[in-house]
Amino acid sequence: MRLLHTADWHLGRTLEGRSRLAEQAQFLDELADIVEEEKIDAILMAGDAFDTVNPPAAAEQLFYESMSRLSSNGKRPIIVIAGNHDNPDRLSAASPLAVHQNITLLGLPTTDVESIHIPTSDEILKIAALPYPSESRLKELLAEENDELALRNSYDARVKGIFDKMSEQFTKNTVNIAMSHIYVAGGSSTDSERPIEVGGAYTVAATSLPANAQYVALGHLHRPQMINRAHTLARYSGSPLAYSFSESGYTKSVTILDAGLGKEVKVTEIPLSSGKPLTRWKAKNGLAEVYTWLDEQKDTQAWVDLEVHVEDALSLEEIHRLRKLHPGFIHIRPVFKAEELAHETRSQREVPIEELFTKFYSRQTGGGAPDAELVKLFLTLINDEEVSGKEDEK
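Under our numbering, the final residue of the sequence shown carries the number 396; numbering is consecutive throughout.
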């Protein structure tokens, strides 16, 4: 069977007040074309269908119309789980209607495994689907004390326990897939993932993902990426659009899975072309450089973060003129000579040892961030070494 893995649509999201709904509709049109061209048997949507728990009506309408279209009147099953941005009760409220089109909407975490008949291949797909499992949605307190490390360990153990119980329901006669909206340690995040405690207490170890699953479809991180330390194939499909300037230059995609009974899943990434790119301009030669780029019609269809180096403040008239010449300017930030000198002075100073350790940890873990206890332990070891060295010198 051929499965399509997608996530993090964030329907209704804006960019500094600019609507992205037309771009999101463009993506969903592109997705509909992909599922037809690639002969997709079922779709896995790993959370954050919406950007807020109370999405605008236009976003909900776009979601349900697209679900109906993608399901092809029930011929193509769709499984959707709630992410941290979704209202779980609101998402699952439409289940009585959605089920008639073979659409499964899952709001709150349970240990139930969905058995989905795939009409086009006449096979059974078992989905260990775990919607965003916060303490409140799990309806339990995971740590008595206010200690981040204790909560992290409890949370990781709880999620692993849920996956283990689900995995018991996998069989040799079914295609077995897991899906969740969680932060897996080591995943590379961006600025547009608003709090799911990225790098904090709500973190799951890669080794806690279910080894018995043939593939784990993940949602939350907006950069498409494999999770290398997992005991099975695990991947974030990423968001379909760039939602912050930290995602500038990322290729957006959906993931296609070719899965069979007891076989290793073949993973294929399908690039997306929908939506406007987000790009950064740094005009170090001042406004003249900006006007040159505008004359060259650079990035005319992009959302632009502009940093322009100037000696004097930009007037309101100048800012209005720039926005009129390029409606895609999101930020126009002047950088003054004094700020440049301050930045150069800062870069020339010795970087604090804890900052160096944080950067080293991030490189080694593929974007992870050390918690306060780990940094404290590192500094303690360094200080002990320094003291020991001084004692030896004596």
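Think of the CB as a built atom: it goes at the ideal place given N, C-alpha and C, for glycine as much as any other residue.
- Separation of LEU33 and GLY262 (C-alpha to C-alpha, rounded to the nearest whole angstrom) is 23 Å.
- A check of alpha carbon separations from ASP10 across VAL115, LEU211 and GLY221 identifies GLY221 as the nearest.
- Of all alpha-carbon atoms in LYS254, ILE120, GLU125 and LEU108, the one lying nearest the alpha-carbon of ALA131 is that of LEU108.
- A distance below 7 Å between beta-carbons, with the five flanking residues on each side excluded, links HIS328 to the following residues of its chain, in chain order: LEU296 and VAL306.
- According to DSSP, residue pairing for VAL186 in a beta bridge involves VAL206.
- Spatial neighbours of SER123 in its own chain (CB-CB distance under 7 Å, excluding positions within 5 residues in sequence) are listed in chain order as MET3 and ASP43.
- Close CB contacts of ALA207 within its chain, under the 6 Å cut and outside five residues either way in sequence, are with ASP158 and ALA187 (chain order).
- The residues LEU13, LEU23, GLN26, ALA27 and LEU30, in chain order, have a CB closer than 8 Å to that of LEU64 in the same chain once the five nearest residues on each side in sequence are set aside.
- For ALA374, the secondary structure class from DSSP, reduced to helix, strand or coil, is helix.
- In the three-state reduction of the DSSP assignment, ASN178 falls in the strand class.
- According to DSSP, GLU32 shares a beta bridge with no other residue.
- The C-beta distance from THR176 to ILE126 rounds to 5 Å, short enough to fall under 8 Å.
- ASP260 carries a strand assignment under DSSP once its states are collapsed to helix, strand and coil.
- Here the alpha carbon of SER317 sits roughly 27 Å from the alpha carbon of THR16.
- DSSP places PHE247 in no beta strand (DSSP E); its state is neither H nor E.
- Taking C-beta atoms as the reference points, ILE105 and MET69 count as a pair closer than 8 Å.
- By the Cβ-count criterion, PHE247 is buried, with 16 or more other Cβ atoms from all chains shown falling within 10 Å of its own Cβ.
- PRO242 sits away from HIS183, with the two beta carbons spaced by 8 Å or more.
- For LYS128, the enclosing beta strand (DSSP E) begins and ends at 125-132.
- Excluding sequence positions up to five before and after ASN178, its CB lies within less than 7 Å of the CB of LYS128, PHE172, ASN214, ALA215 and GLN216, all in the same chain and listed in chain order.
- Within 10 angstroms of the beta-carbon of PRO354 lie fewer than 16 other beta-carbons, which makes it exposed.
- The beta carbon of ASP301 lies closer than 6 Å to those of THR281 in the same chain, with the five residues before and after it left out.
- Annotated as distal: GLY288 and VAL256, with beta-carbon spacing of 8 Å or more.
- For SER136, DSSP records no beta bridge to any residue.
- Residue LEU5 holds the alpha-carbon nearest to the alpha-carbon of ILE81 among LEU5, ALA61, LEU151 and GLU39.
- Separation of the CB atoms of LEU274 and VAL292 is rounded to 30 Å, and the pair is thereby denied contact status at 8 Å.
- For ILE321, the uninterrupted alpha helix (DSSP H) segment begins and ends at 318-327.
- In chain order, PRO90, PRO133 and ARG139 place their CB closer than 7 Å to the CB of LEU110, counting only its own chain and leaving out the 5 sequence neighbours on each side.
- The three-state secondary structure of VAL37, taken from DSSP, is helix.
- Counting only residues of its own chain and dropping the five nearest sequence neighbours on each side, ALA285 has a CB closer than 8 Å to the CB of GLU291, VAL292, TRP295, LEU308, GLU309, VAL310 and HIS311.
- In this structure, GLY330 is the residue among ARG225, ALA51, GLY330 and GLN299 with its C-alpha nearest to the C-alpha of GLY19.
- For ALA232, same chain residues with a beta-carbon under 6 Å away, outside a window of 5 residues either side, are ALA208 and LEU211 in chain order.
- The Cβ-Cβ distance between VAL218 and ALA244 does not fall below 8 Å.
- Looking at the DSSP output, LEU107 bridges to VAL82.
- Burial check for GLN299: the Cβ neighbour count within 10 Å stays below 16, so the residue is exposed.
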